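Student: Shown below is the structure under consideration.
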């Protein structure tokens with residue numbers, strides 16, 4: 072339970088940081104299978120923020136999702152998974168296409 076609570080605390084802090092991002096949030100994703108052919112997707116967010124309430128801008132990067140992706144990896148399914156993960160991180164409206 073402590074690990075789950077720590078995860079939620081960290082993820083909520085990350086969501087607050089993403090919400091405070093200056094401008095849009097970019098993301099990258101990678102999809103692969105482990106040695107047992109179990110497929111996973113990682114999604115990383117990239118955003119600009121002010122450093123410690125100063126005028127200095129910094130580029131931040133964080134892993135926002137590590138997700139098991141079973142089934143066929145069609146473009147439609149992968150888009151659905153990515154949109155779900157972006158929504159869960161609260162950045163859907165900060166991402167532009």
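In this note's numbering, the protein residues as written are 72 to 168.
Idealized CB from N, CA, C, for every residue including glycine.
Because the structure is a prediction, the values reported are computed rather than measured.
In whole angstroms, what is the alpha-carbon distance linking residue 77 and residue 83?
Tutor: Here residue 77 corresponds to residue number 6 of the chain shown, with the count starting at 1. Here residue 83 corresponds to residue number 12 of the chain shown, with the count starting at 1. Residue 77 and residue 83: Cα-Cα distance of roughly 10 Å.
Student: Going by DSSP in three states, residue 101 sits in which element: helix, strand or coil?
Tutor: For the purposes of this step, residue 101 is taken as residue 30 along the chain shown, with counting starting at 1. Strand, per DSSP.
Student: For residue 98, is the classification buried or exposed, using 16 other Cβ atoms within 10 angstroms of its Cβ as the cut-off for buried?
Tutor: Within the chain shown, numbered from 1, the residue matching residue 98 stands at position 27. That one is buried.
Student: Going by DSSP, what residue range makes up the beta strand (DSSP E) through residue 131?
Tutor: Start at 1 with the first residue of the chain shown, and residue 131 comes out as number 60. Unbroken beta strand (DSSP E) run through residue 131: 128-139.
Student: Name, in chain order, the residues that DSSP records as bridge partners for residue 115.
Tutor: Locating residue 115 in the chain shown gives position 44, counting from the first residue. In DSSP, residue 115 forms a bridge with 99 and 134.
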